[in-house]
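Chemist: Mind looking over this structure? Questions follow.
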Amino acid sequence: MNCGDPYTYEGHSYATVLIGTQCWFAENLRSENYNTGTAIATGLDNATWAATTDGAVTVYDEGGATAAANLLTYDRLYNWHAVNTGNLCPSGWHVPTDGEYTTLTDGLGGTSVAGEKMKSSAPAWNGTNTNGFSGLAGGCRLQSDGDFYDEGDYGYFWSASTNGGAKAWSRFLYDGDTEVGRTNLEHRCGFSVRCVQWAI
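FYI, my numbering numbers position 47 of the sequence shown as 27, with every residue one higher than the one before it.
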């Protein structure tokens, strides 16, 4: 495929976008299976989500009144245990490393201004989306108690890079600010995931 062409995976057609030299999914991952065909654990209650050390996937407000709409808007949230399998993105693609996210934000002028360029303009949350990344405020699922949090205000994105122990690096975008945040958080957090193509 040429970057910019749609890419179909698990029955869903993903928009793709070339940003600098990197080819990205221009939307969040929504697969319920690993690329091996094995199902990712889903439907976990709050206590189970907060305790599991296995890969898991959810939808914001899973089991609630807004879950279906959130799936359409934000796609799915994954814990880092699912990321760490190396099998979350389709063959030829992968969850970006911490360094690959740094390459992305450096190419957009640095973390202090890249957030505005990466945030979706529709739905609007103070973003221009000038590079086509189309970042969304999909919120998260907390590692502490399994509650859902920050939808409409923050978008969190896992990297594939561990920070040692029970934490891994992530990026976040937030409403009303041009910045891209970088932080290391516990593996049990449920965040959005993007896929980037392996260099050819």
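Quick reminder that beta carbons are idealized off the backbone N, C-alpha and C, glycines included.
Grab the span of the beta strand (DSSP E) containing ASN26 for me, first residue to last.
Modeler: No beta strand (DSSP E) contains ASN26, which is instead part of the alpha helix (DSSP H) from 26 to 31.
Chemist: Indicate the three-state DSSP secondary structure (helix, strand or coil) for HIS(-8) in the structure shown.
Modeler: Note: HIS(-8) maps to strand in three-state DSSP.
Chemist: Say whether the region 126 to 134 touches the region 67 to 86, bearing in mind that this needs 3 or more beta-carbon pairs closer than 8 Å, one atom from each stretch.
Modeler: Short answer: they don't touch.
Chemist: From which residue to which residue does the alpha helix (DSSP H) around VAL93 run?
Modeler: Unbroken alpha helix (DSSP H) run through VAL93: 91 to 98.
Chemist: Bridge partners of GLN2, per DSSP?
Modeler: GLN2 pairs with ILE(-1).
Chemist: Using the Cα positions of VAL160 and ASP25, report the straight-line distance between them to the nearest angstrom.
Modeler: Distance between the alpha carbons of VAL160 and ASP25: 31 Å.
Chemist: Would you mind stating whether THR158 and GLY119 have Cβ atoms separated by less than 7 Å?
Modeler: Contact: no.
Chemist: Are the CB atoms of MET98 and GLY115 nearer to each other than 7 Å?
Modeler: A contact, by the Cβ cut-off of 7 Å.
Chemist: For VAL63, name the three-state secondary structure that DSSP assigns.
Modeler: VAL63 falls in the helix class under three-state DSSP.
Chemist: Rounded to a whole number of angstroms, what is the C-alpha to C-alpha distance between THR(-15) and GLY(-9)?
Modeler: Looking at the sequence provided, one finds Asp at residue -15 rather than Thr. If I take the Cα positions, the gap works out to 16 Å.
Chemist: Just verifying my parser: in three-state terms, what is the DSSP assignment at TYR14?
Modeler: If DSSP states are grouped into helix, strand and coil, TYR14 belongs with coil.
Chemist: CYS120 bridges to which residues according to DSSP?
Modeler: Note: CYS120 sits in a beta bridge opposite TYR129.
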